[in-house]
Ligand SMILES: NC(=O)c1ccc[n+]([C@@H]2O[C@H](COP(=O)([O-])OP(=O)(O)OC[C@H]3O[C@@H](n4cnc5c(N)ncnc54)[C@H](O)[C@@H]3O)[C@@H](O)[C@H]2O)c1
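Numbering (our numbering), first residue to last: 34 to 148.
As structure tokens, then:
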């Protein structure tokens, strides 16, 4: 897929994977909407990577709140006229470690209602 001038929305953009993805998509010429709970971290990353204001926007939002998702999707369409690609990366690990040392129901599992 050619990414030049595509509109790419990345959630969890301020984290480790989000930052790597942001750099990769930016280097390929995409326009970026960067979403995270942490606006300070988004702005620091944007400055560090030298993201151009005409090609990127940062939005503080919580992807677990439907109205906030609707708002950043609408903002993206208003800004770039479309969304070509969602990089749905926001999230948090539960307790991690060697599986034989983990409790049967760690936070990750017990927080999922389907279990
Ligand atoms: N790093 C790994 O080895 C690994 C392995 C498997 C899965 N993952 C998943 O990949 C994703 C990114 O991992 P990472 O290592 O970059 O994590 P990270 O903690 O460095 O970054 C996650 C980012 O998501 C943001 N975030 C969390 N909840 C949010 C919410 N509700 N709304 C908006 N933003 C939110 C955080 O503020 C943070 O900036 C996560 O979903 C993680 O669970 C990571």
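Note that the Cβ used here is the ideal one computed from N, Cα and C, for glycine as well.
{"Check": "Is it true that the CB of residue 117 sits closer than 8 Å to the CB of residue 39?", "Outcome": "yes"}
{"Check": "For a test of the three-state rule: what should DSSP assign to residue 102, helix, strand or coil?", "Outcome": "helix"}
{"Check": "Taking 7 Å as the line, does the beta carbon of residue 73 fall inside it for any heavy atom of ligand 1?", "Outcome": "no"}
{"Check": "With DSSP run on the structure shown, which of helix, strand or coil describes residue 60?", "Outcome": "helix"}
{"Check": "Distance check for residue 58 and residue 121, CA to CA, integer angstroms please.", "Outcome": "14 Å"}
{"Check": "So for residue 11, helix, strand or coil by DSSP?", "Outcome": "As shown, the chain starts at 34 and ends at 148. That puts residue 11 outside it, with no answer to give."}
{"Check": "With a threshold of 7 Å, establish whether the CB of residue 44 neighbours any heavy atom of ligand 1.", "Outcome": "yes"}
{"Check": "Using a 10 Å radius around the Cβ and a threshold of 16 neighbouring Cβ atoms, would you call residue 45 buried or exposed?", "Outcome": "buried"}
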